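Participant: Quick one: the structure is below, questions incoming.
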Amino acid sequence: MKLKVYVLTDNVASSVCKAEHGLSFLVVFDNQVLFDTGQTNLFLENARILEAPIHDTNYLILSHGHYDHGNGLKFIDAMKLICHPDVFNRRFSGKEHKYVGLDVDEAELSKRFAIHKSKEPVWISDKMVYLGEIPRKMNFEKNTTTFYLDGKMPDPILDDTGMVIVMNQGLFVISGCAHSGICNIIEHARFVTGISKVFGVMGGFHLMLKNNQTQKTIEYIKELQVEVVMPSHCTALPALTEFYQTFGGEQVKAGTLYTFDEQF
Ligand SMILES: [Zn+2]
Ligand SMILES: [Zn+2]
């Protein structure tokens, strides 16, 4: 079997597809899962260019309730949507107090999607898992955010999650924004599956600077001997540079199909 990840939306454009601030991957293994939708209908346009089989995909995982991952929900329907109960919270950015939550209404959405809200992991197939709420265990991953809920309460973004694909050579972990910490997400994937070997990790790592958290994250991933390390979306250049210098690899671009053969 092959794992295919179609990058439908990411922050960097390719020669064939446009980009936006957002993330949307179509993940194909023993089932097909749309992981996030980006913030516009760009993911659909890019799926058409890439000939990604989005129209026979039945499952949609929403990594968390931020506009850049879920506003594309307006442009599709008739899927089973799996997400954390908090994704519909009204939420704001700290700096400008700008609304950054979803601009889709839950009641309206439930007319178009079968919504399965879960804090617990959900096995979508024998090999693909929605991880649910991520326990925050790593002391070097920040537990505070710059985001706010209505009433100016700090928003811990408890809904932030990822998915994991169980391959023969180890786990392949996919994150959205990793507000919950990319190492916490990897740890939870290992816990949920009972498999400790990690083959790949891809998606937003939410690391901006060359700082202690970035360094500790690199050490953790290195220790696990992860072969494929592909930070994208909300991983900023200073952090991205550190990852590239340690792990090599290529820059994730919208409009790319990444294929990973399962080893036996
Ligand atoms: Zn986010
Ligand atoms: Zn994001």
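The numbering used here puts the first residue of the sequence shown at 58, with every later residue one more than the last. Glycine included, C-beta positions come from ideal geometry on N, C-alpha and C. Bear in mind that the values here come from a model prediction, so they are computed numbers and not experimental data.
Who are the Cβ neighbours of Gly151 in its own chain at under 7 Å, not counting the five residues just before and after it?
Facilitator: Hits under 7 Å: Thr203, Phe204 and Tyr205.
Participant: I'd like to confirm something about Asp125: is its beta-carbon nearer than 6 Å to some heavy atom of ligand 2, or not?
Facilitator: Result yes, Cβ under 6 Å from ligand 2.
Participant: Grab me the residues of Gly257's own chain with a C-beta within less than 6 Å of its C-beta, minus the 5 sequence neighbours each way, in chain order.
Facilitator: Counting only Cβ-Cβ distances below 6 Å, and skipping sequence neighbours, we find Phe229 and Val285.
Participant: Is there contact between the region 314-321 and the region 151-165, where contact requires at least three CB pairs shorter than 8 Å?
Facilitator: No, they do not touch.
Participant: Going by the beta-carbon positions, is the gap between Tyr156 and Ala109 smaller than 7 Å?
Facilitator: In this structure, Ala109 does not lie closer than 7 Å to Tyr156 by Cβ.
Participant: Exposed or buried, Phe321, counting other C-beta atoms within 10 Å across all chains shown (16 or more means buried)?
Facilitator: So Phe321 ends up on the exposed side.
Participant: Checking 7 Å against the spacing of the C-beta atoms, do Thr250 and Val283 come in under that value?
Facilitator: No, these two residues do not count as a Cβ contact at 7 Å.
Participant: Could you tell me whether the region 156-165 touches the region 102-117, where touching means 3 or more Cβ pairs closer than 8 Å?
Facilitator: No, they do not touch.
Participant: On the three-state DSSP scale, how would you describe Cys240?
Facilitator: In the structure shown, Cys240 sits in a helix (DSSP, three-state: H, G or I).
Participant: Less than 6 Å separating the Cβ of Cys234 from some heavy atom of ligand 1?
Facilitator: Checking every heavy atom of ligand 1 against the Cβ of Cys234, one is found closer than 6 Å.
Participant: Between Leu80 and His290, which are expected to be in contact by the criterion C-beta below 8 Å, what is the C-beta distance as a whole number of angstroms?
Facilitator: The pair is a contact, with the Cβ atoms about 5 Å apart (cut-off 8 Å).
Participant: Enumerate, from N- to C-terminal direction, the unbroken beta strand (DSSP E) stretches of 3 or more residues contained entirely within the region 110-170.
Facilitator: Runs found: 116-118, 137-140 and 148-150.
Participant: Tell me whether Ser253 is buried or exposed, calling it buried when 16 or more other Cβ atoms sit within 10 Å of its Cβ.
Facilitator: Exposed.
Participant: Ignore the nearest five residues each way along the sequence and tell me which others in Leu117's own chain have a CB closer than 6 Å to its CB.
Facilitator: Only Leu91, Met136 and Leu138 meet the Cβ criterion.
Participant: Say the cut is 6 Å; is the CB of Cys74 nearer than that to a heavy atom of ligand 2?
Facilitator: It does not: the Cβ of Cys74 is nowhere closer than 6 Å to a heavy atom of ligand 2.
Participant: Out of curiosity, what's the CA-to-CA distance linking Leu188 and Ser72?
Facilitator: When rounded, the distance between both Cα atoms is 33 Å.
Participant: Tell me whether Met210 is buried or exposed, calling it buried when 16 or more other Cβ atoms sit within 10 Å of its Cβ.
Facilitator: The residue in question, Met210, is exposed, as its Cβ has fewer than 16 Cβ neighbours within 10 Å.
Participant: Just to check, is the beta-carbon of Cys291 closer than 6 Å to a non-hydrogen atom of ligand 2?
Facilitator: Correct: Cys291 has its Cβ closer than 6 Å to ligand 2.
Participant: State the Cα-Cα distance for the pair Ala164 and Gly305, rounded to the nearest angstrom.
Facilitator: For Ala164 and Gly305, the distance between alpha carbons rounds to 45 Å.
Participant: Report all residues from its chain with a CB closer than 6 Å to the CB of Met195; omit the five preceding and five following residues, and keep chain order.
Facilitator: These residues qualify, in order along the chain: Gly238, Cys240 and Asn241.
Participant: Asp67 to Glu102, Cα distance in whole Å?
Facilitator: Taking the straight line from one Cα to the other gives about 13 Å.
Participant: Along the chain, where does the alpha helix (DSSP H) containing Pro295 start, and where does it finish?
Facilitator: Here the alpha helix (DSSP H) through Pro295 covers Leu294 to Phe304.
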